[in-house]
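Each residue of the sequence shown is one higher than the last, beginning at 119 in the working numbering.
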Amino acid sequence: MTNPFFSVIIPTYNSASYIEKTLESVFAQDHKNYEIVICDDASTDQTVETLHNIKRQRLEFSITIIRNKTNQGHATARNKAIREAKGEWMAFLDSDDFWFPNKLQCVCEYLEQQPEMDLICHNVVYKNKRKTWFVDHTKLFDSSVHPFFSLFRRNALNPSATVVRKSAIENLGLFDESFKIAPDYDLWLSLAKADRIGFLKDVLGIYWVRENSLSKNPLGLIEEADRICEKHKKDLPAHCSFPALEILKYKSRYQLSAGLLFWRDGSPVRGALYITRGFLMWPFWIKEGIKKVFRGY
119 MTNPFFSVII PTYNSASYIE KTLESVFAQD HKNYEIVICD DASTDQTVET
169 LHNIKRQRLE FSITIIRNKT NQGHATARNK AIREAKGEWM AFLDSDDFWF
219 PNKLQCVCEY LEQQPEMDLI CHNVVYKNKR KTWFVDHTKL FDSSVHPFFS
269 LFRRNALNPS ATVVRKSAIE NLGLFDESFK IAPDYDLWLS LAKADRIGFL
319 KDVLGIYWVR ENSLSKNPLG LIEEADRICE KHKKDLPAHC SFPALEILKY
369 KSRYQLSAGL LFWRDGSPVR GALYITRGFL MWPFWIKEGI KKVFRGY
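Shown next, in the form of structure tokens:
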């Protein structure tokens, strides 16, 4: 039996209430040459039982379920799933997100036209309990500069919208498990250095923004962003004229983001402190920052 073209990589943690809907969006794919590899990160609810019930009911699909004995973070869960995967391409999907039926087919057709790419990303609709909105990631990505420099300035990739060549991930040593909030961003920066990233304008899924997301930890976000900067800043001089200014702008962005998170979560004093820090580090954010405060982060 030949290996699948795609391996759908799904980390789970306490996802019993929504994992079935996520998997149904995979089962409904027009393109059928894929396997599903799920790593549960020591859930304490009925996630694992739900997964095994689904596997028994959907025998026509190749589903592998791995379970961590202890909670180790989504980077570790993804890495374990990648090691088990047999596909050429790793299609990442978080356990609460959904794909539209043409997602894998559109990516496959793109790869037929651009076989040299190592990473492909598409657009998604963002949704939470209060609203639905759209961010055009193709506009966030600056194609006039090197992909690494563009992503350093702003992360334009969404994990559940990203498909990556397995060999490219393996060559980099998989996700860095020391990062607990943004291991995906760290890996995207590493992959971008090879200049083989492609974007699809198509909206091919729904990304759920949940209140308990790790990325909503303001101080942890700053600490991890600083570590990612330290890891990758040595590569900046090859792609920009003023790396010190770009680093300052990068760090100010995360001070501002932390401030907006504090503000949104009902801590206006702490929010104002971090917003002020961000503005002082890079005053040119003021116009965009004010828009975000009134629009909602």
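Where a beta carbon is used, it is the ideal one built from N, C-alpha and C, also for glycine.
- The beta carbons of W207 and K284 sit closer together than 8 Å.
- Close CB contacts of K352 within its chain, under the 8 Å cut and outside five residues either way in sequence, are absent.
- The beta-carbon distance between P129 and R196, rounded to whole angstroms, is 5 Å. This is short enough to meet the 8 Å contact definition.
- When secondary structure is reduced to three states using DSSP, N289 falls in the helix class.
- Put simply, the backbone Cα of N121 is about 27 Å away from that of A310.
- Sequence-distant partners of L305 (beyond 5 residues in either direction) whose C-beta falls short of 6 Å from its own C-beta, in its chain, are F293.
- Around the beta carbon of A362, a 10 Å sphere encloses fewer than 16 other beta carbons of the protein chains shown; the residue is thus reported as exposed.
- In the three-state reduction of the DSSP assignment, R371 falls in the helix class, which pools H, G and I.
- With contacts defined by Cβ atoms closer than 8 Å, A279 and C226 do not form a contacting pair.
- In the DSSP annotation of this structure, the continuous segment of the alpha helix (DSSP H) that includes N197 starts and ends at 192–202.
- Three or more Cβ pairs drawn from the stretch 176–191 and the stretch 145–158 lie within less than 8 Å of each other, which places the two stretches in contact.
- Residue pairing by DSSP puts A209 in a beta bridge opposite V126, V281.
- DSSP places C347 inside the alpha helix (DSSP H), whose first and last residues are 336–350.
- Taking a 10 Å sphere around the C-beta of F124, we find 16 or more other C-beta atoms and assign the residue as buried.
- Looking at L337, Q373, F402, L307, the one whose alpha-carbon comes closest to that of S268 is L307.
- If you draw a straight line from the Cα of F360 to the Cα of Y372, it comes to about 19 Å.
- Per DSSP, F270 is one residue of the alpha helix (DSSP H) stretching across 265–271.
- Shown here for W381: same chain residues with a beta carbon closer than 6 Å to its own, the five before and five after excluded, namely G389 in chain order.
- Going by DSSP, R388 is part of the alpha helix (DSSP H) stretching over 386–399.
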